[in-house]
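K.L.:
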Amino acid sequence: EQKPFFRILSDSRSVDPSGRYYYSYETENQIKAEEQGDILNEGKEQSVVAKGAYQFVAPDGQLYTVSYVADESGFHPVGAHLPVAPAIPEAIRRSLEYNAAHSDEQ
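With the sequence shown counted from 1, adding 415 to any position gets you the working numbering.
(1) Given G494, which residues of its chain have a CB within under 8 Å of its CB, disregarding the five upstream and five downstream residues?
(2) How big is the Cα-Cα spacing for R435 and K466?
(3) Tell me the residue span of the beta strand (DSSP E) that contains L478.
(4) Indicate the three-state DSSP secondary structure (helix, strand or coil) for E449 in the structure shown.
(5) Thinking just about the alpha-carbon of each residue, which of P498, N444, Y437 is nearest to the one in I423?
(6) Report yes if the C-beta distance between G476 and V464 is below 8 Å; otherwise report no.
(7) Who are the near neighbours of V430 in its chain, counting only those whose CB is closer than 6 Å to its CB and skipping five residues on each side?
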């Protein structure tokens, strides 16, 4: 079975000599995406930091939107449909703060 093709309604891309970039696109089946990125710490320890968002309509008709940051610590998505880690209990938070404040006493 051949899947349908969907037209690209818009497509924009730019890259400058410093490595900074931007792209965005939209398709007729309601997929949209955009991202901008920049190089940090140019040189031997350089990394790319990207910020963006995308959205799509799932087979059940629900629109899903995700925004994100991707950096040296990983990919960090945010969306109403994504699970969120529970808050750190107060006693553990205080213990972590105490340990950090007194780490040089050992």
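Even glycine gets a Cβ: it sits at the ideal position worked out from N, Cα and C.
P.N.:
With the structure as the only source:
(1) Y479, T480, V481, S482
(2) 12 Å
(3) 478-486 is the extent of the beta strand (DSSP E) around L478.
(4) strand
(5) The option with the nearest alpha carbon to I423 is N444.
(6) no
(7) Y436
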